[in-house]
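Protein chains in written order, with the numbering used here: chain A, 11 to 287; chain B, 546 to 856.
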């Protein structure tokens, strides 16, 4: 037993952490308790300890007030559509940076990295003009397009590709494999962990995005979950229907939380290895 | 056929194929082209457009865009709402990033050892990160609700009464900050957990042998080792708080009386609600400037408080 364990400070720290953890759980606890409440409004909504028979009434009402399945579908199309195109762009660019020595390589690389500094949200105003002039206003493609290239993803793939021994590619070259075949059959399979990490971070961030789709989308049918939830919350707030809001929020938050519970380790690893959402 | 070529030449043909300079360059730019076109369209062009727009404006509604010099920036600085948003954003940035950082470090130190309870607690702290910010705001809407809301309900049980959490101009920004800290601290915790694992065990053992108490070990062993992590968290934290305003939409719409207006929300208002593209552009550039300045300043502060990194 080390000296540290006999000292008081670490134990106090752990106790404080437990207390904070209890506070941290309160918003989730309230969401659960309020969502399954048979009531949706009134003084009893603040209870954190359920004193009722659980009911799905709030879920039924939330489900009827907002077209969550459609919003969910839109969000899935946006998140996975962005990811599919990103896979192509970051793989090709990552390979070029990792394996081809060409004039202007470091200049190009810095050009890519500026995207990390110029946060896309700072550019939403001019980007909206661009999207409109491309005829993509009020379309899912318009929400996706600015994210198709990813400096962060390119950087991640470059690192992954550089760790793969050149001899593997040279062997394939002798066998007459084209550049496309070499990337597809040698590089991509070996870069799988990086691809998964990037996929988790990319999908999570676009799944949760609000401001940009709010600006691009006008038709209610094309709303993603976040925009749908904000509109829904505004409506239910007017009616003081807190239980319904809790149920709607739970419906919207469930998919990612469920994915996290299932693939916890992959999630944590990818968030750590990425850093930038 | 290929075999004979390889055998007959000092440099094999397949190596020449990779090393032939012009073909190589062509292939490289072919591979980069999709990304470069997209980056040009959605990153470089918008910056040019922002700069151009910030220097132009209309003399009358519907009139042509004419060069107006720094007028948009002068208007921006003269706008009380912008000044309020800028000050708010600074308070908001420091008031959320520093507490989140301290909490995250505390969580990581307390939960560094892997056991079942700690794994559950880590997940609990990380859970808010997965929630869309608008969903978090929908929950906090009720927490901050006057009288019947969660906070006031439990304060009343203690015979206390709270202010109007989102309605009082002196309180609203701080309420928003509580939500932000709750949302982000668990994210930063992950980086500290990873950083702690990289500290060699000998360093701590040596400090214990020297008789260092836990606070001394934290100050002179753990924190210096975590310096790169702290810098990294500062940068992503500052980027997060300047670029995320979704909760403001749901909770306050920047009110009351611009008390919770933040730069990005101000830019949105100018562009979408007030149709002031020149001012929105100037505001966007100011926001980018703030982001870069905050990042640079926080890294420099870190450098000064811990000296040179030990390699």
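All residues carry an ideal CB built from backbone N, CA and C; glycine is no exception. If you're wondering where the values come from, they're calculated on a predicted model, not measured in any experiment.
Query, Result
"Residue-level contact to chain A via CB, residue 594 (chain B), 8 Å cutoff", "yes"
"Residue 567 (chain B) burial status per 10 Å Cβ neighbour count (16 or more: buried)", "exposed"
"Cβ of residue 722 (chain B) within 8 Å of any chain A Cβ", "no"
"contact_flag[the stretch 668-683 of chain B, the stretch 781-788 of chain B] where n(CB pairs < 8 Å) is 3 or more", "no"
"For residue 103 (chain A) and residue 666 (chain B), the rounded distance between their alpha carbons", "39 Å"
"Three CB pairs or more closer than 8 Å across the stretch 824-844 of chain B and the stretch 709-721 of chain B", "no"
"From B:668, B:641, B:798, B:640, residue whose alpha carbon lies closest to that of residue 653 (chain B)", "B:668"
"As assigned by DSSP and simplified to three states, the class of residue 250 (chain A)", "coil"
"For residue 674 (chain B), three-class secondary structure by DSSP", "helix"
"Neighbour flag for residue 694 (chain B) against chain A, beta carbons, 8 Å", "yes"
"Expected contact under 8 Å - CB spacing of residue 807 (chain B) and residue 630 (chain B) to nearest Å", "6 Å"
"Beta-carbon proximity list for residue 763 (chain B), same chain, < 8 Å, skipping 5 on both sides", "654"
"DSSP-derived helix/strand/coil call for residue 820 (chain B)", "coil"
"Outcome for residue 197 (chain A) when other beta-carbon atoms lying within 10 angstroms are tallied against a minimum of 16", "buried"
"Cα-Cα separation between residue 29 (chain A) and residue 611 (chain B), rounded to whole angstroms", "60 Å"
"Rounded distance between the beta-carbons of residue 167 (chain A) and residue 204 (chain A), thought under 8 Å", "6 Å"
"Integer-rounded CB distance, given that residue 137 (chain A) should sit under 8 Å from residue 708 (chain B)", "So it is not a contact: roughly 39 Å between Cβ atoms."
"Whether residue 34 (chain A) touches residue 727 (chain B) by CB criterion (8 Å)", "yes"
"Residue 95 (chain A) - containing alpha helix (DSSP H), residue span", "78-109"
"8 Å contact criterion, which residue 69 (chain A) and residue 45 (chain A) should meet: CB distance rounded", "7 Å"
"Range covered by the alpha helix (DSSP H) that runs through residue 778 (chain B)", "768-788"
"Neighbour flag for residue 642 (chain B) against chain A, beta carbons, 8 Å", "no"
"Test: residue 263 (chain A) CB closer than 8 Å to a CB of chain B", "yes"
"Test: residue 766 (chain B) CB closer than 8 Å to a CB of chain A", "no"
"Interface flag, residue 524 (chain B) vs chain A, CB-CB below 8 Å", "As displayed, chain B neither begins before 546 nor continues past 856, which places residue 524 (chain B) out of reach and without an answer."
"Neighbouring residues, chain B, relative to residue 105 (chain A) (Cβ below 7 Å)", "576"
"The stretch 180-189 of chain A / the stretch 107-125 of chain A touching (three or more Cβ pairs under 8 Å)", "no"
"Nonlocal neighbours in the same chain, by C-beta distance under 7 Å from residue 811 (chain B), ignoring five residues either side", "626, 627, 630, 828"
"Strand pairing of residue 216 (chain A), partner residues [DSSP]", "None, per the DSSP bridge assignment."
"Where residue 25 (chain A) falls: helix, strand or coil (DSSP)", "helix"
"Cross-chain neighbours of residue 735 (chain B) in chain A, by beta carbon under 7 Å", "278, 281, 282"
"Cβ pair residue 131 (chain A), residue 222 (chain A) closer than 8 Å", "yes"
"Run of the alpha helix (DSSP H) containing residue 74 (chain A), from where it starts to where it stops", "67-75"
"Beta-bridge partners of residue 237 (chain A), as assigned by DSSP", "DSSP lists no partner for residue 237 (chain A)."
"Beta-carbon neighbours of residue 208 (chain A), restricted to chain B and to distances below 8 Å", "None at all; the shortest Cβ gap to chain B is about 14 Å."
"Residues in the stretch 125-141 of chain A having any Cβ partner in chain B nearer than 8 Å", "125, 127, 128, 129, 130, 131, 132, 133, 134, 135, 136, 137, 138, 139, 140"
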